[in-house]
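Engineer:
Protein chains: 2
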Amino acid sequence: MDSKGSAPDPVPAVGMVGAGQLARMTSSAATALGIRFRVLAATPDESAAQVTADVVVGDHRSKADLMAFADGCDVVTFDHENVPGPLIEAMEAAGHAVRPGSRALKYTQDKLAMRERLTALGCQCPEFALVTGPDDVAAFAAKTGWPVVLKAVSGGYDGRGVWVCQDLPAAAEVLGKGLELIAEEYVRFSRELAVLVARSPSGQGAAYPVVETVQKDGICREVIAPAPELPPLATAEAQGLGLSVARDLGVVGLMAVELFDTSDGLVVNELAMRPHNSGHWTIEGSVTSQFEQHLRAVLDLPLGSPTQASRWSVMVNILGGDDPDLRSRLVHVMAADPAVKIHLYGKPSRPGRKVGHVTALGQDLERTRERAWRAAYYLAHGTEEYT
Amino acid sequence: MDSKGSAPDPVPAVGMVGAGQLARMTSSAATALGIRFRVLAATPDESAAQVTADVVVGDHRSKADLMAFADGCDVVTFDHENVPGPLIEAMEAAGHAVRPGSRALKYTQDKLAMRERLTALGCQCPEFALVTGPDDVAAFAAKTGWPVVLKAVSGGYDGRGVWVCQDLPAAAEVLGKGLELIAEEYVRFSRELAVLVARSPSGQGAAYPVVETVQKDGICREVIAPAPELPPLATAEAQGLGLSVARDLGVVGLMAVELFDTSDGLVVNELAMRPHNSGHWTIEGSVTSQFEQHLRAVLDLPLGSPTQASRWSVMVNILGGDDPDLRSRLVHVMAADPAVKIHLYGKPSRPGRKVGHVTALGQDLERTRERAWRAAYYLAHGTEEYT
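From first to last, the protein sequence lines are chains A and B. Every letter in the first sequence is one number past the one before it in the numbering used here, and letter 289, counting from 1, is 289. Every letter in the second sequence is one number past the one before it in the numbering used here, and letter 187, counting from 1, is 1187.
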């Protein structure tokens, strides 16, 4: 991987900062396309580090580690949002191709900047305000009513950094944590949707079908592709929103937009600029997986077709149960349904931890959902009684 | 991977002897299922060694190297037929789970034993005879006519070790090489077919759709799944043959049976007991890829569904052309057809060398073939004029 003093290697090398399951699944997509793939892992036993030939162990908060990592890569990309902005800028200043770049990534790291920018772009967002004390929250609640959602401006993920406060004492407790916070209107939605788009440095864009996502305790449980009974106009609106936000923010790579489906239309909840849990179904359910698409985009290769390969795709996350021995149950799930696709991330199971996912494809939605749920739930809990 | 002196690791480890493209593609299937995967590579830059976290560099003809490799694996399997039989037996004698085992593998390493056994099992084979000199060949040709096919009893692959002799002087030249040879009747066929089956230690079997394969100079160029216009009875016959041969020979894992389609029915050409070029289309074209299926089989997990995911799947191998710089042409192929699936093996391109493959899925056979051929040919040669 040394780029110095030798003839240029025609095979591009993509380096991904972070070695979780997103990097693990990206690794297989790189293998298929003959792309060299390197991960920066915190420890050698992380999910992607277990299966990637080129692993650099280092700290994503260390400038020295990041710069050394980037030195061997043609393109640097990310499996999480936790690299400090100034370090991303430092890699760019040193001449590295960082995709997405710091200009785009700041909107995933700073929720206030994201809200301000999306509102300026005309996207429907919840009411929001920076709050520094109980008076601010009280004033905000006077406009929007209770509950009020408080969010950490930076560092949230999978429900962490988000608090739904029913009253001022609850808000005061969150304020006491000493974090920079915004208040957001509590949006009453009928369901949650997500749209995944890709954008290349050349400006090519591609949008996947809009999906319905089911969250519990802030963690994604299920994704249904396409979102059932979503009117074509709403699909077009969501895809157009994703593509135009990606362009306006200068995103390169994948971007997922999480949306609330409300009686007043689609409201933007969150943005992520990387492969996303709402897109795991694309491995089997789309002509081009989100992981291949991300690699194509960051390498400025023409994007692949985001077309669905089946009428319905349903993905259910495997969240660890009380008994961590998933593997002993694998045989039963495989025997019960030889067509369900099981993905395990190589992570030790702990209660509530995402340790894998299951995807089922089919013609009948309820049957497909049932297959995915039964498999995922049995793997985690050893029972099919998932309802 | 050290199995001594520590608590048993619940994640099974499959070791594959050989690190070519078959091992490379198996590696990604292992990643998805959370199976630890280790390869024995001749050099650290082999196709699979580039992308596998756990690589042991060693010689597959060395007993010490094989035994050391097997020590860290729950199951040992193979990406080629070149491990000497006595060394496979030595691994078994030492208590290692070798799948397929020596009893089955000998039929892929000894063409005379294969012909004798298949004939005894009632499979239609070409006429054959062991030949040690020109008199034997002349006597054989008196029965079957010229040309006569001479085959090395062991060590052949991709057209190597096979000579079509038009007359006795040509045969004498081959005999002069000093190899152990069999003579085979030159079978006049309308086309070549292949059937891929899987079998587990528990005896579960699964058969993929029968495919048509197109060879040139002994090298597979194209695979069409399913074989066009193959009567249902012939499909059932081929699948039944594959499953019964796998059972009778005690195969564990995948087995491909190459067949001639003749006016007298199906004639067995060759056997392979591993993932096979005729099954690469299954990565996108089947619910379960052959690589996942092989892992399930050797681990005695329930087999996956071999159902086709699309009406037609066409795979065309990328054989290197005069200009080795495939990668500069990748952008054009991806732009021309965003739905074609490109697989590159990380091997330097040389004229005629298999360096990757392309798979296209579709509803219309001729259009699907054209898409796969154009992409594969353009990658190799920089022209679409492939006919």
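Positions of the beta carbon are idealized from the N, C-alpha and C atoms, including for glycine.
Distance check for A/F69 and A/T213, CA to CA, integer angstroms please.
Structural biologist: Along the first sequence, read from residue 1 onward, the residue named residue 213 of chain A stands at position 213. Along the first sequence, read from residue 1 onward, the residue named residue 69 of chain A stands at position 69. Going from the Cα of A/T213 to the Cα of A/F69 covers about 35 angstroms.
Engineer: Determine, using beta-carbon pairs with one atom in the segment 211-230 of chain A and one in the segment 193-201 of chain A, whether at least three such pairs fall under 8 angstroms.
Structural biologist: Touching, per the Cβ criterion.
Engineer: State whether the segment 329-342 of chain A contacts the segment 301-309 of chain A, with contact taken as three or more CB pairs (one from each stretch) at a distance under 8 angstroms.
Structural biologist: No, the segment 329-342 of chain A does not touch the segment 301-309 of chain A.
Engineer: Taking its Cβ as the centre, do 16 or more other Cβ atoms sit within 10 Å of A/S38, making it buried, or is it exposed?
Structural biologist: Taking the first sequence and counting its residues from 1, the one referred to as residue 38 of chain A is at position 38. Note on identity: in this sequence residue 38 of chain A is Arg, with Ser being the wrong assignment. Buried, since its Cβ has 16 or more Cβ neighbours within 10 Å.
Engineer: Taking the CB atoms as reference points, tell me whether A/V148 and A/R199 lie closer together than 8 angstroms.
Structural biologist: Taking the first residue of the first sequence as 1, we reach residue 148 of chain A at position 148. Taking the first residue of the first sequence as 1, we reach residue 199 of chain A at position 199. No, the pair does not count as a contact, with Cβ atoms beyond the cut-off.
Engineer: For B/R1247, which beta-bridge partners are listed by DSSP?
Structural biologist: Here residue 1247 of chain B refers to the residue found at position 247 when the second sequence is read from its first residue. Answer is none; B/R1247 lacks a bridge partner.
Engineer: Can you tell me where the beta strand (DSSP E) holding B/D1054 begins and where it ends?
Structural biologist: Here residue 1054 of chain B refers to the residue found at position 54 when the second sequence is read from its first residue. Where B/D1054 is concerned, the enclosing beta strand (DSSP E) stretches over D1054 to V1057.
Engineer: Please work out which residues of its chain come closer than 6 angstroms, Cβ to Cβ, to A/A131, disregarding the five sequence neighbours upstream and downstream, and give them in chain order.
Structural biologist: Along the first sequence, read from residue 1 onward, the residue named residue 131 of chain A stands at position 131. The sequence given here has Val at residue 131 of chain A, not Ala. The residues are V137, L181 and A183.
Engineer: What does a CB cutoff of less than 7 angstroms around B/D1110 pick up in its chain, not counting 5 residues either side in sequence?
Structural biologist: Your numbering for residue 1110 of chain B matches position 110 in the second sequence. Hits under 7 angstroms: V1153 and S1154.
Engineer: Between A/A13 and chain B, is any beta-carbon pair separated by less than 8 angstroms?
Structural biologist: Numbered from its first residue, the first sequence carries residue 13 of chain A at position 13. Not an interface residue.
Engineer: Please classify B/D1135 as buried or exposed, where buried requires at least 16 other C-beta atoms within 10 Å of its C-beta.
Structural biologist: Indexing the second sequence from 1 puts residue 1135 of chain B at position 135. B/D1135 is exposed by the Cβ-count criterion.
Engineer: Around the Cβ of A/Q363, are there at least 16 other Cβ atoms within 10 angstroms (buried) or fewer (exposed)?
Structural biologist: On the first sequence, position 363 is the one that residue 363 of chain A refers to. Its Cβ having fewer than 16 others within 10 Å, A/Q363 is exposed.
Engineer: If the cut is a Cβ gap below 7 angstroms, which residues of chain A does B/I1342 touch?
Structural biologist: Start at 1 with the first residue of the second sequence, and residue 1342 of chain B comes out as number 342. Within chain A, the residues near B/I1342 are L33.
Engineer: Taking 7 angstroms as the limit between beta carbons, can you name the residues of its chain near A/A13, skipping five residues before and five after?
Structural biologist: Locating residue 13 of chain A in the first sequence gives position 13, where the first residue counts as 1. Cβ within range, chain order: M1, R36, R38, G72, C73 and D74.
Engineer: Strictly below 7 angstroms CB to CB, what residues from chain B border A/V287?
Structural biologist: As a first step, residue 287 of chain A is located in the first sequence; it is residue number 287 there, counting from the start. Those within 7 angstroms of A/V287 in chain B are A1339.
Engineer: Once you ignore the five residues that flank B/G1321 on each side, which residues in its own chain have a CB closer than 8 angstroms to its CB?
Structural biologist: Counting from 1 along the second sequence, the entry for residue 1321 of chain B is found at position 321. Taken in chain order, the residues that qualify are S1349, P1351, A1380, H1381 and G1382.
Engineer: Just to make sure I have the definition right: I need the residues of chain A whose C-beta is within less than 7 angstroms of the C-beta of B/Q1050. Which are they?
Structural biologist: As a first step, residue 1050 of chain B must be located in the second sequence, where it is residue number 50. By Cβ distance, chain A contributes A53.
Engineer: Quick one: Cα of A/A32 to Cα of B/H1343, how far?
Structural biologist: Here the question's residue 32 of chain A lines up with position 32 in the first sequence. Here the question's residue 1343 of chain B lines up with position 343 in the second sequence. The alpha-carbon atoms of A/A32 and B/H1343 are separated by roughly 5 angstroms.
Engineer: Step through the CB atoms of chain B and report whether any lies within less than 8 angstroms of the CB of A/G304.
Structural biologist: Here residue 304 of chain A corresponds to residue number 304 of the first sequence, with the count starting at 1. Yes, contact with chain B.
Engineer: At least one CB of chain A closer than 8 angstroms to the CB of B/R1024: is that the case?
Structural biologist: Residue mapping note: residue 1024 of chain B aligns to position 24 of the second sequence, counting from 1. Closer than 8 angstroms: yes.
Engineer: State yes or no: is the beta carbon of B/R1367 nearer than 8 angstroms to at least one beta carbon in chain A?
Structural biologist: Along the second sequence, one-based indexing puts residue 1367 of chain B at 367. No, B/R1367 lies away from the interface with chain A (no Cβ there is under 8 angstroms from its Cβ).
Engineer: Quick check: what's the CA-CA separation for B/V1098 versus A/A48?
Structural biologist: In the second sequence, counting from the first residue as 1, residue 1098 of chain B sits at position 98. In the first sequence, counting from the first residue as 1, residue 48 of chain A sits at position 48. Computed Cα separation, rounded: 28 angstroms.
Engineer: May I have a chain-ordered list of the alpha helix (DSSP H) segments no shorter than 4 residues that lie completely inside the segment 1147-1232 of chain B?
Structural biologist: Those alpha helix (DSSP H) runs which fall completely within the segment 1147-1232 of chain B and span 4+ residues are 1168-1175.
Engineer: Using 8 angstroms as the threshold, is the C-beta distance between B/A1375 and B/V1314 below it?
Structural biologist: Locating residue 1375 of chain B in the second sequence gives position 375, where the first residue counts as 1. Locating residue 1314 of chain B in the second sequence gives position 314, where the first residue counts as 1. It is not a contact, given that the beta carbons lie outside the stated cut-off.
Engineer: From what residue to what residue does the beta strand (DSSP E) around A/L319 run?
Structural biologist: The sequence position of residue 319 of chain A within the first sequence is 319, counting from 1. Residues W312 to L319.
Engineer: On the three-pair Cβ rule with 8 angstroms, is the segment 52-67 of chain A touching the segment 274-285 of chain A?
Structural biologist: They do not touch, by the three-pair rule.
Engineer: Answer yes or no: does any C-beta atom of chain B fall closer than 8 angstroms to that of A/R247?
Structural biologist: Locating residue 247 of chain A in the first sequence gives position 247, counting from the first residue. Chain B contact via Cβ: absent.
Engineer: Taking the CB atoms as reference points, tell me whether B/Q1021 and B/Y1377 lie closer together than 8 angstroms.
Structural biologist: Here residue 1021 of chain B refers to the residue found at position 21 when the second sequence is read from its first residue. Here residue 1377 of chain B refers to the residue found at position 377 when the second sequence is read from its first residue. Contact: no.
Engineer: With DSSP run on the structure shown, which of helix, strand or coil describes B/N1082?
Structural biologist: Walking along the second sequence from the start, residue 1082 of chain B turns up at place 82. Coil, per DSSP.
Engineer: Taking Cβ positions only, does A/A309 come closer than 8 angstroms to chain B?
Structural biologist: Reading the first sequence from its first residue, position 309 is the one you call residue 309 of chain A. Yes, its Cβ sits closer than 8 angstroms to a Cβ of chain B.
Engineer: Along chain A, in chain order, which residues have C-beta atoms closer than 9 angstroms to that of B/V1331?
Structural biologist: Within the second sequence, numbered from 1, the residue matching residue 1331 of chain B stands at position 331. By Cβ distance, chain A contributes D300, L301 and P302.
Engineer: For B/S1062 and chain A, any beta-carbon pair shorter than 8 angstroms?
Structural biologist: Within the second sequence, numbered from 1, the residue matching residue 1062 of chain B stands at position 62. No, no contact with chain A.
Engineer: Pull up the distance between the alpha-carbon of B/D1217 and that of B/Q1166, whole angstroms please.
Structural biologist: The count along the second sequence starts at 1 and reaches residue 1217 of chain B at position 217. The count along the second sequence starts at 1 and reaches residue 1166 of chain B at position 166. Cα to Cα, B/D1217 sits roughly 16 angstroms from B/Q1166.
Engineer: Give a yes or no on whether the C-beta atoms belonging to B/Q1308 and B/P1231 are separated by under 8 angstroms.
Structural biologist: In the second sequence, residue 1308 of chain B corresponds to position 308, counting from 1. In the second sequence, residue 1231 of chain B corresponds to position 231, counting from 1. Taking 8 angstroms as the Cβ cut-off, B/Q1308 and B/P1231 do not qualify as a contacting pair.
Engineer: Alpha carbon to alpha carbon, how far is B/S1244 from B/A1019?
Structural biologist: By 1-based counting over the second sequence, the position of residue 1244 of chain B is 244. By 1-based counting over the second sequence, the position of residue 1019 of chain B is 19. Roughly 30 angstroms separates the two Cα atoms.
Engineer: Could you pull the start and end residues of the beta strand (DSSP E) that B/R1036 belongs to?
Structural biologist: Here residue 1036 of chain B is taken as the residue at index 36 of the second sequence, counted from 1. Run containing B/R1036: R1036 to A1041, per the beta strand (DSSP E) assignment.
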